[in-house]
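Quick note: the sequence shown uses numbering that gives the first Met the number 0, first residue 0, plus one each step.
Each residue gets a CB set at the ideal place from its N, CA and C atoms; glycine is no exception.
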Amino acid sequence: MRRGAGQGRGHHRHGKGLEPVRLRQRRREARHADLLASDLDDKTLIRFIDRFLMFYIRTGDRLQRTATWLENLEGGVDYVRKVVCEDSLGIGAELEADMQKLVDTSSANGRRRSTIPRS
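Below is the structure:
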């Protein structure tokens, strides 16, 4: 494993809640952040994850780690909670649509690659 390969982002479903998980660079252990939401059904959980990821993609700097992004974001995790869970900016549907476009594009690329004959 190359150095720094343990870094990343994800979400941990804790009971009925959602926590962003940040992997630290050299310690390679998960650090659980503040709870974004709780008592979510599966559909809402996926919707919030999609919104979180697209909001991160839109507002984070290129190659910026999620931990750094959250720490530098004015309002931090409370602001993200308002945007993602409460749709305070009114962009929730737009974030979800952008994620669906990303999924559709990725799926189409995967289908195209799988239909190319291999020599």
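Assuming L72 contacts V79 (C-beta within less than 8 Å), just tell me the rounded distance between them. With a beta-carbon spacing of about 7 Å, L72 and V79 fall inside the 8 Å limit used to define contacts.
If you draw a straight line from the alpha carbon of E85 to that of E70, how long is it in whole angstroms? 20 Å
Verify whether the separation of the beta carbon atoms of L39 and F47 is less than 8 Å. For L39 and F47, yes; Cβs fall inside 8 Å.
How is S87 classed by DSSP in three states: helix, strand or coil? coil
Skipping 5 residues on each side, what residues in its chain have a beta carbon closer than 8 Å to that of G74? K81
Go ahead and label G89 buried or exposed: buried means 16 or more other beta carbons lie within 10 angstroms of its beta carbon, across all protein chains shown. exposed
Top-ranked residue by Cα proximity to R57, from K100, T67 and L94: L94
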